[in-house]
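Working notes, beginning with the structure itself.
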Amino acid sequence: MRYLITGATGQLGRALCARLGNEVVWSGGSAELDVTDPEAVARVVRGARPDIVVNASAWNDVEGAETLGAAAFAVNALGPLHLARAASAVAALTVHVSTDFVFDGAQQAPYDEHDCPRPLSVYGASKLAGEHLVAASGCPYLIVRTSALFGRGGSRAKGGSFPDRILARAAAGSPGEPLQVVSDQVCSPTYAPDLADAIVKLVAKGARGLFHVTNQGSCTWYAFAQETVRVARVDVPVIEARARDLGGKARRPGHAILSKERYEATGLPPLRPWAEALAEYLGTGRS
Ligand SMILES: NC(=O)c1ccc[n+]([C@@H]2O[C@H](COP(=O)([O-])OP(=O)(O)OC[C@H]3O[C@@H](n4cnc5c(N)ncnc54)[C@H](OP(=O)(O)O)[C@@H]3O)[C@@H](O)[C@H]2O)c1
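Take the sequence shown: its letters are residues 94 to 380, numbered as in the working numbering.
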């Protein structure tokens, strides 16, 4: 297969390029291709002649999106539309990646692909708009929603991966100074290489439409941070905080757990538990 990967300088993009090796015929970050520029997108896609266009690019600055909504929508909504149209013009499959932040997190049961989204933030709304525009473009598509992604090199927009940011905060603090981490938001930490592998397997199976894919299990960000310092053997206390006490404009879902039933119904094995993936990341992949 000939893959074109946008957002290749990000956590998922890097993992996809590593997973696919010489199946990648074109890859780049925003400097190589700005997905908000429809002519550039059409030119690059036409030139690369891919079978599969994977959009791993995103405006991932959730806080920044609250004040720079137009820019977030340009990347997260119009970018996927331009890519879908360009992919369709060369008869390629569009693979787009979205987020659990399309949900409000009020539901205690895991969300499946039929549950009604209700984003709380501009970022979540822009990602939902991207999903709708890809679907409405009429192109063949696969959309994969995921959660709390962490991977090698981290997300530039977020200042690193979550585990790396926790370890950096621990290293920067005074000895014994506790780290405050949100304990009223639950997520499913997902390791970028595991997600990349799942995406490639879904494509190989001919899957189309919308799928939820995360590592197994869920936890609060507080528990994610606790596990990070425990595995990294960093002796720093982690204490619980409420999201509203830590400030920030963007509202985030309290409990947006994604059901993987549709993914598993394809016959693909579940992704490993998130803590196992975190141990591998901290043992081998931290940069
Ligand atoms: N990170 C999370 O916690 C999380 C959670 C759920 C879902 N997701 C979704 O998962 C996907 C991958 O996220 P990630 O964490 O791997 O992202 P990331 O590490 O933040 O990387 C974002 C990528 O998008 C590129 N980009 C930004 N603006 C662009 C533009 N205008 N044109 C082209 N490329 C642009 C960046 O390029 P440069 O760095 O070169 O500018 C970078 O390669 C995204 O769809 C995201 O919404 C992420």
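C-beta atoms are modelled at their ideal positions from N, C-alpha and C, and glycine is treated no differently.
Practice task
Jot down the residue ranges of each uninterrupted alpha helix (DSSP H) in the segment 236 to 278, minimum 4 residues, whole runs only, in chain order.
Solution key: Listed in chain order, the complete alpha helix (DSSP H) runs (minimum 4 residues) inside the segment 236 to 278 are 255 to 265.
Handout entry: Close beta carbons around Leu361, own chain, < 6 angstroms, minus the five adjacent residues each side
Key = Exclusion of the five residues before and after Leu361 leaves Lys294 as the residues of its chain whose Cβ lies within less than 6 angstroms of its Cβ.
Exercise for the section: Confirm the yes/no value for this check: CB of Ser281, any heavy atom of ligand 1, distance under 7 angstroms. Expected result: Flag unset: Cβ of Ser281 not near ligand 1.
Exercise for the section: Excluding the 5 residues preceding and the 5 following Ala167 in the sequence, name in chain order all residues of the same chain whose CB lies nearer than 6 angstroms to its CB. Expected result: The residues Thr129, in chain order, have a CB closer than 6 angstroms to that of Ala167 in the same chain once the five nearest residues on each side in sequence are set aside.
Handout entry: Own chain, CB closer than 6 angstroms to Glu224, minus 5 neighbours either side, in chain order
Key = Excluding residues within five positions, the ones whose Cβ falls inside 6 angstroms are Ser191 and Ile236.
Problem - Burial state of Ala184 (16 or more Cβ within 10 Å) - result: Classification for Ala184: exposed.
Practice task
Kindly list the residues whose CB is nearer than 8 angstroms to the CB of Asp287, restricted to its own chain and excluding five residues on each side of it in sequence; keep chain order.
Solution key: For Asp287, where only same-chain residues beyond five positions count, the Cβ hits under 8 angstroms are Asn308, Leu364, Arg365 and Ala370.
Exercise for the section: Since I believe Val215 is in contact with Ala158 (beta carbons under 8 angstroms), could you give me their beta-carbon distance rounded to a whole number of angstroms? Expected result: Ala158 to Val215, Cβ: 4 angstroms. Contact.
Exercise for the section: For Val220, verify whether its CB is less than 7 angstroms away from any heavy atom of ligand 1. Expected result: Correcting the residue type first, residue 220 is Lys in the shown sequence and not Val. A distance criterion of 7 angstroms places the beta-carbon of Lys220 in contact range of ligand 1, judged by its closest non-hydrogen atom.
Practice task
With a threshold of 7 angstroms, establish whether the CB of Thr321 neighbours any heavy atom of ligand 1.
Solution key: False, no ligand heavy atom lies under 7 angstroms from that Cβ.
Problem - Length of the line joining the Cα atoms of Ala250 and Gln104 - result: CA-CA distance, Ala250 to Gln104, rounds to 11 angstroms.
Practice task
Take the Cβ of Ser380 as the centre, count every other Cβ of all protein chains shown within 10 Å, and call the residue buried at 16 or more, exposed below.
Solution key: Bear in mind that a pLDDT of 40 at Ser380, under 50, signals an unreliable position, so the model cannot answer this.
Practice task
Could you tell me which of Met94, His207 and Gly122 sits nearest to Thr102, measuring between CA atoms?
Solution key: The candidate whose alpha carbon is nearest that of Thr102 is Gly122.
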